[in-house]
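Chemist: Take a look at this one; I'll ask things after.
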């Protein structure tokens, strides 16, 4: 039987002066704090490891943290001498937020091995008392025991999942106090090096060739150097310039997941806080500005963004009728690893004069639940804006059609996991149109850069989702998506036209369902061969007048379940499907009636409306 003991929250604010030469690289300028927690596993009776009721135990653990922090900013000179320039500091500190105590005989007993996956699963992933920050934005350090030598491992190079250690309590009991702090700190610092992206850097010895990618640390014989990534008896605290570059690339988010545990001290919410820009007031943001609640711009107020505005989780910007927002190569987003609510532009009915201007040019809107929500597309000027890693980038839900809105040269992009992906946040829809609007897209890109390498096929996102609206689209591209366009409308006033655009490696390029008039001309559909489900260029059902001409349907791979066009003629209408080129496909055109739809294309009829 497993037992879970009490949980003690210990908040430590540790600040150190920096000594020696300071090395900076990329975008890291000041101290970077990493959030950690420690999980102590005692036996079933609550013994055999550090105890929550002992102040000396808690002090020893904090002394280890202090020792590590001191070494991180006071690095030694590499020995033996190496060609690397001297690195005096990493610019990194670890911040211990919490200590958790558990009674679990199995996890405690590390005499054979450390079952770190079990520890992570049951005491982090499945612990409903932990919040999102504690589960996914904290590096947990698991301490088992029943072993007399300090040792451990981490989950993966550059990974935030865990560090697991054993023998630290035995060291505390049996060694002189300063020696115990030092030796436990050395072992933990070595594992932290792995979590920061470093591999071993030695050759020879009992563990064989383990040279890293850095030529400037020489790859000495095992145990002969004072490099942090060497093995016993060294376990030093020195790094080469190349190793520091690797660490910084991970902390900048270029590699691994460890950047997700960086502490952002400005990331907090004041529940009742509203930042108000009133009538006649103007706010110009040129640097980074952290919001701690919602921002409201009243009629007559103006916001100009040239820097970065970071909104906290579930908070956003509300723009009243008559207000003005100008984005000039700035960014609206979240710098805290969360999803903010987004921007809501409100109109004043059909009175365009009273509804203000919303001019967004050349900037970025990122990490939002809904990047922009508006019912006044006619007043929103979007040109050269990059919508990056939003769950839903742009939602246009007009109130009866204010005219034709235009979106020019914008990029709708997913290039990594969406914030809070651990809790099931995936790309849903890049753009959603509805409410009788007519919207034109020119020279826009819709793509999931990671594509099917990270997300499940069905969770790769839909480029444009049209529900009772009109769509004009020219010279646009769709890549690595579940569907490029899904469109449905019964209004005789709505027109669907896609011209000179490219659909590459999507499960379905265009799906039409109940549309009065639709035209698809001069497009290229490069189909993706997949074993999990079929790939279709265009599928159309219940379209009154369908015109599909001068398109190319092809694939780089060939194979089965590749289909250029499917036509459902259950609904009477007039269709022009001619002068299309089909290359290397299983079927060029498949005409179906009613229930004759084969089983394998039917899987593509899913619209994923539950994601909206």
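Residue numbers (the numbering used here): 1264 to 1875.
Note that beta-carbon positions come from the ideal geometry of N, C-alpha and C, so glycine has one too.
Who does residue 1365 pair with in a DSSP beta bridge?
Modeler: 1304
Chemist: Tell me whether residue 1536 sits in a helix, a strand or coil according to DSSP, three-state version.
Modeler: Residue state, collapsed to three classes: coil.
Chemist: Please give the ranges of any beta strand (DSSP E) in the segment 1483 to 1564, keeping only runs that are unbroken, at least 3 residues long and fully inside the region.
Modeler: 1537 to 1540, 1545 to 1548, 1551 to 1553, 1557 to 1560
Chemist: Is DSSP giving residue 1791 helix, strand or coil here?
Modeler: Per DSSP, reduced to three states, the secondary structure at residue 1791 is coil, with no helix or strand assignment.
Chemist: Once the 5 residues before and after residue 1469 are set aside, which same chain residues still bring their CB inside 8 Å of it?
Modeler: 1485
Chemist: Report the residue ranges of all beta strand (DSSP E) runs contained in full by the segment 1398 to 1424; include only those spanning at least 3 residues, in chain order.
Modeler: 1402 to 1406, 1414 to 1417
Chemist: I need the DSSP call for residue 1590, collapsed to helix, strand or coil.
Modeler: Residue state, collapsed to three classes: strand.
Chemist: If we ignore side chains and look at the alpha-carbon of each, how far apart do residue 1615 and residue 1642 end up?
Modeler: Reliability of the predicted coordinates at residue 1615 is poor, the pLDDT of 47 falling under 50, and the value obtained from them is presented with this limitation in mind. Each residue's alpha carbon lies about 7 Å from the other.
Chemist: From residue 1527 to residue 1296, what distance separates their C-alpha atoms?
Modeler: 8 Å
Chemist: What does DSSP give as the partner residue(s) for residue 1669 in the beta ladder?
Modeler: DSSP output for residue 1669 lists 1703 as bridge partner(s).
Chemist: Hey, could you find the ends of the alpha helix (DSSP H) residue 1769 is sitting in?
Modeler: From DSSP, residue 1769 is part of no alpha helix (DSSP H); its letter is neither H nor E.
Chemist: Within the same chain, show all residues whose beta-carbon is closer than 7 Å to that of residue 1370, passing over the 5 residues directly before and after it, in chain order.
Modeler: For residue 1370, where only same-chain residues beyond five positions count, the Cβ hits under 7 Å are 1304, 1378, 1381, 1382, 1407.
Chemist: Look at the alpha carbon of residue 1345 and the alpha carbon of residue 1568, and state the distance between them as a whole number of angstroms.
Modeler: 47 Å
Chemist: Any chance the CB of residue 1780 is under 6 Å from a heavy atom of the ligand ADP?
Modeler: Of ligands this structure carries none, so the ligand ADP is not represented either.
Chemist: Applying the criterion that 16 or more other CB atoms from any shown protein chain within 10 Å of the CB defines a buried residue, is residue 1843 buried or exposed?
Modeler: It counts as buried.
Chemist: When you compare each of 1542, 1772, 1595, 1625 to residue 1584 by their alpha carbons, which one comes out closest?
Modeler: 1542
Chemist: Would you report the Cα separation of residue 1396 and residue 1534, rounded to the nearest angstrom?
Modeler: 18 Å
Chemist: Closer than 6 Å by C-beta to residue 1478: which residues in its own chain qualify, once you throw out the five before and the five after it? Chain order, please.
Modeler: none
Chemist: Can you give the Cα-Cα distance for residue 1529 and residue 1465, rounded to whole angstroms?
Modeler: In this model, residue 1529 and residue 1465 are separated by some 40 Å (Cα to Cα).
Chemist: Among the residues of its own chain, which have a CB less than 6 Å from the CB of residue 1348, if the five just before and after it don't count?
Modeler: 1504
Chemist: Using the C-alpha atoms, what's the distance from residue 1640 back to residue 1660?
Modeler: 8 Å
Chemist: So, residue 1360 versus residue 1298, is the Cβ gap smaller than 7 Å?
Modeler: yes
Chemist: Where DSSP assigns a beta bridge to residue 1217, which residues make up the other side?
Modeler: In the structure as shown, the chain begins at 1264 and stops at 1875. Residue 1217 is therefore absent and cannot be evaluated.
Chemist: Let me know the secondary structure DSSP gives residue 1752 once reduced to three states.
Modeler: coil
Chemist: By how many angstroms is the C-alpha of residue 1711 removed from the C-alpha of residue 1735?
Modeler: 22 Å
Chemist: Residues in the same chain with beta-carbon distance under 6 Å from residue 1353, minus the five sequence neighbours each way, listed in chain order, please.
Modeler: 1335
Chemist: Residues bridged to residue 1746 by DSSP?
Modeler: For residue 1746, which the question treats as bridged, DSSP gives the partners 1725, 1771.
Chemist: Give the DSSP-derived three-state secondary structure of residue 1808 in the structure shown.
Modeler: Note: residue 1808 maps to strand in three-state DSSP.
Chemist: Quick check: residue 1741 and residue 1725, are their CB atoms within less than 7 Å of each other?
Modeler: no
Chemist: If we call anything under 7 Å between Cβ atoms a contact, is residue 1593 one with residue 1570?
Modeler: Closer than 7 Å, so yes.
Chemist: Which partner residues does residue 1391 have in the DSSP bridge list?
Modeler: None, per the DSSP bridge assignment.
Chemist: Taking C-alpha atoms, which residue in 1553, 1561, 1591 lies nearest to residue 1575?
Modeler: 1553
Chemist: Excluding five sequence neighbours on each side, which residues of the same chain lie with their C-beta closer than 6 Å to the C-beta of residue 1851?
Modeler: The residues are 1827, 1845.
Chemist: In three-state terms, what does DSSP make of residue 1571?
Modeler: strand
Chemist: Quick check: what's the CA-CA separation for residue 1499 versus residue 1473?
Modeler: It is roughly 17 Å from the alpha-carbon of residue 1499 to the alpha-carbon of residue 1473.
Chemist: Our contact map puts residue 1563 next to residue 1586 with C-beta atoms below 8 Å; I'd like the distance itself, whole angstroms only.
Modeler: 7 Å
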